[in-house]
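In my numbering, the protein residues as written are 31 to 309.
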């Protein structure tokens with residue numbers, strides 16, 4: 031089968047995609063290629079791209095910094111990568127984006143047609159990167175799946191997810207900071223489901239934009255209860271609610287059309303996998 035280049039192979043999602051691909055993976059971590067250096071991308075990435083599939087899970091997250099430098103650096107990565115693709119077009123591309131592009135939607139459930147209203151610079155950058163990627167792939171006739179992700183969690187997330195921080199708080203780590211009453215409803219998807227979906231979209235040369243979610247929403251209080259039932263009491267620190275707090279759920283008809291039969295795991299099972307002894 032076609033080899034798959036995974037950009038961001040040293041990140042949480044990237045590592046899981048590489049593991050799921052097995053020998054088909056061509057991992058590209060930051061130590062392998064500097065996506066901010068156009069020459070480095072041409073020298074080290076371009077030789078692998080032609081005829082392969084490409085999954086882009088790289089980029090600087092807003093947990094690192096939500097500023098103009100981060101926004102422009104993420105855009106520069108796309109610019110450099112599409113430059114390399116021009117010389118050697120891949121078979122297909124998958125870009126991992128974020129549901130943060132919708133901001134605080136006026137209506138739920140959210141669909142792919144919900145107006146884009148990003149509320150932070152990171153989300154603005156995601157919109158820009160989607161458009162840059164789409165423009166290049168449309169002109170080059172390359173199938174591109176833009177995947178908008180909600181909260182991704184799973185073993186090995188090192189506390190970068192809400193679920194991971196709760197598990198940490200129940201197993202001896204820092205207390206979980208609960209803003210407000212804990213009644214906001216959100217969707218959370220396990221990283222193994224993200225990996226499986228990204229690989230399938232690449233292999234099937236899917237073209238389009240989709241929200242990838244579990245289809246179930248949980249409040250923070252419900253998650254705390256699930257984590258506590260599995261790992262013991264979750265230590266909580268309470269803070270005032272955010273001013274712009276909102277619920278977020280998704281209409282998954284596009285996902286079900288583009289990925290027929292895809293069935294993300296329930297959050298109860300995903301939480302249990304944190305106890306899995308496998309690396």
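Virtual Cβ for every residue (Gly too), placed ideally from N, Cα, C.
Among the options, nearest to residue i - alpha-carbon criterion
| i | options | result |
| --- | --- | --- |
| residue 147 | 134, 82 and 156 | 134 |
| residue 108 | 121, 283 and 86 | 86 |
| residue 144 | 292, 306 and 281 | 281 |
| residue 278 | 222, 233, 213 and 235 | 213 |
| residue 182 | 173, 175 and 217 | 217 |
| residue 194 | 124, 105, 303 and 117 | 303 |
| residue 50 | 273, 251 and 223 | 223 |
| residue 125 | 163, 260, 47 and 95 | 163 |
| residue 311 | 35, 271, 300 and 202 | The shown model of the chain, from 31 to 309, leaves out residue 311, and the question about it has no answer. |
| residue 171 | 180, 139 and 115 | 115 |
| residue 231 | 287, 138, 151 and 150 | 287 |
| residue 203 | 265, 211 and 190 | 265 |
| residue 157 | 129, 122 and 79 | 129 |
| residue 236 | 254, 188 and 123 | 123 |
Residues of its chain near residue i, where Cβ-Cβ distance is below 8 angstroms and the 5 sequence neighbours each way are ignored
| i | result |
| --- | --- |
| residue 113 | 68, 71 and 72 |
| residue 307 | Because the pLDDT of residue 307 is 46, which lies under 50, any placement of that residue in the model is unreliable, and the number read from its coordinates should be weighed accordingly. Taken in chain order, the list of residues that qualify is empty. |
| residue 90 | 100, 103 and 104 |
| residue 295 | 220, 222, 223 and 244 |
| residue 267 | 205, 206, 207 and 208 |
| residue 160 | 125, 127, 131, 176 and 239 |
| residue 229 | 34, 47, 50, 51 and 85 |
Residue i: first and last residue of the uninterrupted alpha helix (DSSP H) it sits in
| i | result |
| --- | --- |
| residue 92 | No alpha helix (DSSP H) contains residue 92, which DSSP labels as neither H nor E. |
| residue 258 | 250-261 |
| residue 193 | 192-200 |
| residue 71 | 68-74 |
| residue 159 | 151-170 |
| residue 136 | That residue, residue 136, is in no alpha helix (DSSP H); it is neither H nor E in DSSP. |
| residue 108 | 98-117 |
Per DSSP, the bridge partner or partners of residue i
| i | result |
| --- | --- |
| residue 241 | 178 |
| residue 79 | DSSP, once it has assigned bridges, lists no residue as partnering residue 79. |
| residue 127 | 178 |
| residue 122 | 83 |
| residue 217 | 247 |
| residue 313 | Not covered by the structure: residue 313. The range shown for the chain is 31 to 309. |
Segment limits, beta strand (DSSP E) that includes residue i
| i | result |
| --- | --- |
| residue 207 | 206-209 |
Contacts around residue i, its chain only, beta-carbon distance under 6 angstroms, and the 5 residues preceding and following it disregarded
| i | result |
| --- | --- |
| residue 309 | Per-residue confidence for residue 309 stands at a pLDDT of 35, beneath the threshold of 50, marking its modelled position as unreliable; the derived number appears in the next sentence. Once the five neighbours on either side are set aside, residue 309 has no close Cβ partner at all. |
| residue 186 | none |
| residue 37 | 58, 86 and 88 |
Contacts around residue i, its chain only, beta-carbon distance under 7 angstroms, and the 5 residues preceding and following it disregarded
| i | result |
| --- | --- |
| residue 142 | 239, 240, 241 and 284 |
| residue 262 | 200 |
Contact test: residue i Cβ vs the ligand HEM heavy atom, cutoff 7 angstroms
| i | result |
| --- | --- |
| residue 173 | Here there are no bound small molecules, and the ligand HEM is not part of this structure. |
Mind listing, in chain order, the continuous beta strand (DSSP E) runs of no fewer than 3 residues lying wholly within the region 259-293?
Runs found: 266-269.
Could I get the ranges of all uninterrupted beta strand (DSSP E) runs contained in the region 33-61, with 3 residues as the minimum, in chain order?
34-37 and 55-58
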